[in-house]
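Those protein sequences? They're chains A and B, same order as listed. In terms of numbering that gives the first Met the number 0, the first sequence opens at residue 0 and continues consecutively. In terms of numbering that gives the first Met the number 0, the second sequence opens at residue 0 and continues consecutively. Just so it is clear, CB atoms sit at the ideal spot from N, CA and C, and this is done for glycine as well.
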Amino acid sequence: MKLTIEEVEHIAALARLELTEDEKQRYAEQLSDILDYAARLDELATDQIPPTASVLDMDLRLREDRSRPGLSREDVLRNAAGTQDDQFKVPPVFGGQE
Amino acid sequence: MTDLTHLTVRDSLAGLQAADFSSVELTRALLKRIDSLDPEIHAFLTLTPNKALAAAKAADDLRSSQPEDLPPLTGLPLAVKDVLCLEGVRTTCGSKILENFIPPFSATAVQRLLDAGVVPLGKTNTDEFAMGSSTENSAYGASRNPWDLTRVPGGSSGGSAAAVAARMTPAAFGTDTGGSVRQPCSFCGTTGIKPTYGRTSRFGLVAYGSSLDTVGMIARNVADVATLFQHMAGFDPLDATSVQLPVPAYTLPETDSLKGLLIGVPEEYFIEGIQPEVENRVRAAIAQMEAQGATAVPIHLPHTEYALPVYYLIAPAEASANLARYDGIRFGPRLGEGEDLWQMFTQTRGRLFGPEVKRRIMLGTYALSAGYYDAYYGKAQKVRTLIKRDFDLAFEEVDVIAAPVAPTTAFKFSQHTDDPLAMYLEDVFTLPANLAGVPGLAFPVGPDSNGMPVGMQLMGPHFREDLLFQVGHAYQLATRWHENWPEVNNKLK
Numbered sequence: 000m001k002l003t004i005e006e007v008e009h010i011a012a013l014a015r016l017e018l019t020e021d022e023k024q025r026y027a028e029q030l031s032d033i034l035d036y037a038a039r040l041d042e043l044a045t046d047q048i049p050p051t052a053s054v055l056d057m058d059l060r061l062r063e064d065r066s067r068p069g070l071s072r073e074d075v076l077r078n079a080a081g082t083q084d085d086q087f088k089v090p091p092v093f094g095g096q097e
Numbered sequence: 000m001t002d003l004t005h006l007t008v009r010d011s012l013a014g015l016q017a018a019d020f021s022s023v024e025l026t027r028a029l030l031k032r033i034d035s036l037d038p039e040i041h042a043f044l045t046l047t048p049n050k051a052l053a054a055a056k057a058a059d060d061l062r063s064s065q066p067e068d069l070p071p072l073t074g075l076p077l078a079v080k081d082v083l084c085l086e087g088v089r090t091t092c093g094s095k096i097l098e099n100f101i102p103p104f105s106a107t108a109v110q111r112l113l114d115a116g117v118v119p120l121g122k123t124n125t126d127e128f129a130m131g132s133s134t135e136n137s138a139y140g141a142s143r144n145p146w147d148l149t150r151v152p153g154g155s156s157g158g159s160a161a162a163v164a165a166r167m168t169p170a171a172f173g174t175d176t177g178g179s180v181r182q183p184c185s186f187c188g189t190t191g192i193k194p195t196y197g198r199t200s201r202f203g204l205v206a207y208g209s210s211l212d213t214v215g216m217i218a219r220n221v222a223d224v225a226t227l228f229q230h231m232a233g234f235d236p237l238d239a240t241s242v243q244l245p246v247p248a249y250t251l252p253e254t255d256s257l258k259g260l261l262i263g264v265p266e267e268y269f270i271e272g273i274q275p276e277v278e279n280r281v282r283a284a285i286a287q288m289e290a291q292g293a294t295a296v297p298i299h300l301p302h303t304e305y306a307l308p309v310y311y312l313i314a315p316a317e318a319s320a321n322l323a324r325y326d327g328i329r330f331g332p333r334l335g336e337g338e339d340l341w342q343m344f345t346q347t348r349g350r351l352f353g354p355e356v357k358r359r360i361m362l363g364t365y366a367l368s369a370g371y372y373d374a375y376y377g378k379a380q381k382v383r384t385l386i387k388r389d390f391d392l393a394f395e396e397v398d399v400i401a402a403p404v405a406p407t408t409a410f411k412f413s414q415h416t417d418d419p420l421a422m423y424l425e426d427v428f429t430l431p432a433n434l435a436g437v438p439g440l441a442f443p444v445g446p447d448s449n450g451m452p453v454g455m456q457l458m459g460p461h462f463r464e465d466l467l468f469q470v471g472h473a474y475q476l477a478t479r480w481h482e483n484w485p486e487v488n489n490k491l492k
């Protein structure tokens, strides 16, 4: 199977990735090769096989619902490119392309 | 005094204990060696000499003020792979998108060794977000193999393995999602553990494939790895998949006897395409173990060939979700913010992620997208069950499984960079253990005709790291391959 440039653009949009024309061409080919390779899984009948949910046969545990100290606001904001008034600063959310 | 940089973990600890040298002296010696070698090897992305010397000084002070009640690793220098958070030290994951990220906490596995007294020398190079088999995907340039500077050190923990092989650190943290501890150990002649999934905490490990990621350790021999792993492993309430099982004492045998051990040799790991010298060295190592009293029997892991397509659907799918957090808002540089939110997201991610990371995000997004989920991700998770069952059945018959780590020894730079599938094939023998969650121990079993190390891996049942350490240590008591080391200084002239 061969991915089209339109399909690559659709995936890139879902993944929020800007790609150059060059990259679109290259990924169309490389992803097609990899997916062709993955198609060999179809050789196996898996109708009766459950999907792996966890590699360990153990029950999920819940922790006690108790508050504990978290990171300080200063620590959380320190790595952000834009902050204002102790908050993350982002471009306008409404009115952009979507 | 002997050259301190050549000491193993255990000898370093013994020397510190006997006051043959101080932690400051040991740390200085290693930093000096890093200064002279690392411009060529490029094992480190960030060095922390001031932090290291301050920690070494504090360790020495502690050793003289309370010698009775010392943390077990007091004053031991160590390096940390740059996908593990170390509080206050830049953690890049080999990516431009985390170029200036300074974590406000340390990963649990790292913190445990800090609490046990280690001295952090710096952060080691990695393929971007641990995605790769050569360190060529690092945004900061590849590391070079100390045995041959024209070859890759393997990946993604290539910086850690190269640093240990070149005697720039006695040990280094690695992480293993699809072979990233074992394959660089094989390429650099070092020893490393990929633990059972859930045995070490993933908290503070920057996530790649969350159902596969493990934190491991790389050193020069099994005894050193076991010594450090003892203090890293165990339950962590901060990681929901960390397992609440006691960690046994990893005591090692005093003799090299392997009497009574049943070793399975999977025929699917000795396939066409494997470098003949790799097969010969691994078979010779198995014969050596038989000479020590073990019995080797052929076994089958029939779904081995499907591990590669399964991994390259599941890991990218998990990565595409995990890496959604790099949106230019909370971490890292931000591009396109003058325009609108969409431009900020797509430019920041499109321009700051490298080609392999984007390829895997694209692949994973596709495998999870509407209409394809069942055909790709769902199918892969079912075949993963078959791969896991292969191991479950095998371990009803044998104690451990012995196999090559990789089909080849270290390859040359750029050999696979234009062909992602060829690069992925390098992982064909390491992926199954991650998909099944079982532990793997990699160690050297002799050189090929170019002098490059060949690695073997022992895989065991879930939570049987103790058995792997015992068998690996017995082998290293009987052989000297792990003592080989690259004369890097001569290569640099």
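Taking a C-beta distance under 7 Å as the contact criterion, B:Asp255 and B:Thr7 do not qualify as a contact pair. One alpha carbon belongs to A:Pro68, the other to B:Asp326, and they sit about 26 Å apart. 7 Å or more divides the Cβ of B:Arg150 from the Cβ of B:Ala441. Secondary structure in the segment 1 to 30 of chain B: the alpha helix (DSSP H) runs of 4 residues or longer, each lying completely within the stretch, are 8 to 16 in chain order.
With contacts defined as CB atoms closer than 7 Å, B:Thr199 and B:Ala138 fail to qualify as a contacting pair. For B:Gln380, the enclosing alpha helix (DSSP H) stretches over residues 378 to 396. Counting only runs that start and end inside the segment 305 to 388 of chain B, the alpha helix (DSSP H) elements of at least 4 residues fall at 306 to 321, 340 to 351, 354 to 367. The count of Cβ pairs closer than 8 Å, one atom from the segment 378 to 385 of chain B and one from the segment 308 to 325 of chain B, reaches three, so the stretches are in contact. Counting along the chain, B:Lys122 sits inside the beta strand (DSSP E) bounded by residues 118 to 123.
Contact annotation for A:Gln29 against chain B: Arg358, Pro419 [CB-CB distance below 7 Å, chain order].
In terms of Cα proximity to B:Ser133, the closest of B:Gly197, B:Ala106, B:Cys84, B:Pro183 is B:Pro183.
When rounded, the separation of the alpha-carbon atoms in B:Ala58 and B:Gly74 is 5 Å. Taking 9 Å as the cut-off between beta carbons, the residues of the segment 0 to 18 of chain A near chain B are Leu2, Glu6, Val7, His9, Ile10, Ala11, Ala12, Leu13, Ala14, Arg15, Leu16, Glu17, Leu18, in sequence order. The count of Cβ pairs closer than 8 Å, one atom from the segment 160 to 167 of chain B and one from the segment 200 to 216 of chain B, stays below three, leaving the stretches out of contact. Neighbours of A:Arg77 in chain B, taken as residues whose beta carbon is under 9 Å from its own, are Ile101, Pro103 in chain order.
The three-state reading of DSSP puts A:Ile48 in coil, since its state is none of H, G, I, E or B.
Residues of the segment 49 to 60 of chain A that bring their beta carbon within less than 9 Å of a beta carbon in chain B comprise Pro49, Pro50, Thr51, Ala52, Ser53, Val54, Leu55, Asp56, Met57, Leu59, Arg60, in sequence order.
Exclusion of the five residues before and after B:Ala293 leaves Leu257, Leu260, Ile262 as the residues of its chain whose Cβ lies within less than 6 Å of its Cβ. DSSP lists B:Asp147 as the beta-bridge partner residues of B:Asn144.
Along the segment 166 to 197 of chain B, going in chain order, the ones with a CB nearer than 7 Å to a CB of chain A are Tyr196, Gly197. Pairwise C-beta distances place the segment 364 to 384 of chain B out of contact with the segment 110 to 128 of chain B, as fewer than three of them are shorter than 8 Å. Scanning its chain for C-beta atoms nearer than 7 Å, with the 5 sequence neighbours on each side dropped, one finds around B:Gly233 the residues Val246, in chain order. Rounded to the nearest whole angstrom, the C-alpha separation of B:Gly272 and B:Leu424 is 10 Å.
One finds Leu55 in chain A with Cβ atoms closer than 7 Å to the Cβ of B:His461, taken in chain order. Contact between the segment 351 to 360 of chain B and the segment 16 to 30 of chain A is present, with at least three C-beta pairs closer than 8 Å.
At least one beta carbon of chain B lies nearer than 7 Å to the beta carbon of A:Ala80.
At least one CB of chain A lies nearer than 7 Å to the CB of B:Pro308.
One thing to note: B:Gln456 has its Cβ within 7 Å of the Cβ of B:Val404.
Its Cα nearest to that of B:Phe104, the residue A:Asn78 stands out among A:Asn78, A:Asp46, A:Thr19. Between the C-alpha atoms of B:Pro102 and B:Leu85 there is a straight-line separation of about 7 Å. By the C-beta criterion, the segment 208 to 217 of chain B is judged not to be in contact with the segment 452 to 471 of chain B, since fewer than 3 inter-stretch pairs fall below 8 Å. Along the segment 379 to 410 of chain B, the positions whose C-beta sits under 8 Å from a C-beta of chain A are Ala379, Gln380, Lys381, Val382, Arg383, Thr384, Leu385, Lys387, read in chain order. About 6 Å separates the beta carbons of B:Gly157 and B:Asn124, which is inside the 8 Å limit, making them a contact pair. Of all residues in the segment 219 to 239 of chain B, the ones placed with a Cβ closer than 9 Å to any Cβ belonging to chain A are Pro236, Ala239, in chain order. Proximity to B:Asp417 across B:Trp484, B:Pro443, B:Asn136, B:Ala393 peaks at B:Asn136, based on C-alpha coordinates. Annotation for B:Leu251: Ala222, Ala225, Phe468, Gln469, His472 place their beta carbon closer than 7 Å to its own, counting only its chain and skipping 5 residues before and after.
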